[in-house]
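Structure, as structure tokens:
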Amino acid sequence: DTGVSQDPRHKITKRGQNVTFRCDPISEHNRLYWYRQTLGQGPEFLTYFQNEAQLEKSRLLSDRFSAERPKGSFSTLEIQRTEQGDSAMYLCASSQPALGQASNGYTFGSGTRLTVV
Amino acid sequence: KNQVEQSPQSLIILEGKNCTLQCNYTVSPFSNLRWYKQDTGRGPVSLTIMTFSENTKSNGRYTATLDADTKQSSLHITASQLSDSASYICVVRNSNSGYALNFGKGTSLLVTP
């Protein structure tokens, strides 16, 4: 296990279609995060899991978005009825609970680039 | 409001030259500050992480500084290489947030031959 894996790396879909992305975190990390990043911007927080529990969702996560982490390991992010505005890089990150102040276990995956045409 | 502002927005330097990137933040209460390097089409990779009590931290040719009083940080790159071309993102954690990080928009660095 060398890091956070995301699949697919790229996805092109037609507007209105549903898409699903997968994230496999570092195995000993119990926290998992989804972010969205558009060109020229920093990542924006979407949602956070601790084990299998989804503890927080951003207002950016409309009802067309749903994320799951059924067994507390991998996670999926589904976008229903995609829109052109959904085109972005979707980043997954995982971490361990902080041991003291400097939590250095926050690791990002390489992302899934979504293009909605 | 927790904000992270980076400057410059973009920078072009010649290979071998040094450069300094700036980060100002209003995040409070402060927990830690991280610098990430993000290559085009890739996820961010951590360069340094600094807590309140740390003023300077180095990682090879990268040196980060932190002034928690003025809420400023800098990332200095020494003897730049072509492979340093990337976006450099400053990220500040709020100690009350528990999980969420506050991201700057990044500085896009291009190192030319």
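Chains Z and X supply the protein sequences, listed in that same order.
Residue 1 is where the first sequence starts when you use the working numbering, and the numbers rise one by one after that.
Residue 1001 is where the second sequence starts when you use the working numbering, and the numbers rise one by one after that.
Cβ atoms here follow ideal geometry from the backbone N, Cα and C, with glycine treated the same way.
Original post:
When burial is assigned at 16 or more other CB atoms within 10 Å of the CB, is Z:R59 buried or exposed?
Top reply: exposed
**OP:** Would you mind listing the beta strand (DSSP E) stretches within the segment 1064-1100 of chain X that are 3+ residues and don't spill past its ends, in chain order?
**Re:** 1072-1077, 1086-1094
Original post:
Taking Cβ to Cβ, would you say Z:N18 is nearer than 8 Å to Z:Q80?
Top reply: yes
Original post:
Going along the chain, which residues of its own chain have a beta-carbon closer than 7 Å to the beta-carbon of X:G1016, five neighbours each way excluded?
Top reply: A1079, S1080
**OP:** Verify the CB distance criterion: does Z:S27 have a CB-CB separation below 8 Å to chain X?
**Re:** no
Original post:
Closest by CA to X:T1020, which one among X:P1044, X:T1048, X:S1074, X:T1056?
Top reply: X:S1074
Original post:
How would you label Z:R64, buried or exposed, when you count the other beta carbons within 10 angstroms and need 16 or more for buried?
Top reply: exposed
Subject >> Coil, strand or helix - Z:D86 by DSSP >> reply: helix
Subject >> Residue nearest to X:T1048 in terms of C-alpha spacing, selected from X:D1039, X:C1090, X:V1004 >> reply: X:C1090
**OP:** Using a Cβ cut-off of 8 Å, pull out every chain X residue sitting near Z:Y106, in sequence order please.
**Re:** R1034, S1046, L1101
Original post:
Is it buried or exposed for Z:I12, if we count other Cβ within 10 angstroms and need 16 for buried?
Top reply: exposed
Original post:
At least one CB of chain Z closer than 8 Å to the CB of X:R1061: is that the case?
Top reply: no
**OP:** Using only the heavy atoms of the ligand FAD, determine whether one of them is closer than 7 Å to the beta carbon of Z:S66.
**Re:** Judged by which ligands are present, the structure shown has none, so any question about the ligand FAD falls away.
Subject >> Three-state secondary structure assigned by DSSP to Z:I26 >> reply: coil
Subject >> Beta-bridge partners of Z:F45, as assigned by DSSP >> reply: Z:Y35
**OP:** State the Cα-Cα distance for the pair X:S1031 and X:L1014, rounded to the nearest angstrom.
**Re:** 35 Å
**OP:** Would you mind reading off the limits of the beta strand (DSSP E) that contains X:N1059?
**Re:** 1056-1059
Original post:
Whose CA, out of Z:C92, Z:T112, Z:T115, lies closest to the CA of Z:G3?
Top reply: Z:C92
**OP:** Note down the Cα distance separating Z:S73 from X:K1057, rounded to an integer number of angstroms.
**Re:** 33 Å
**OP:** Determine the direct distance from the alpha carbon of X:T1070 to that of X:R1042, and round the result to whole angstroms.
**Re:** 32 Å
Subject >> Any C-beta of chain C under 8 Å from that of Z:G72 >> reply: Chain labels in this structure do not include chain C; the protein chains are Z and X.
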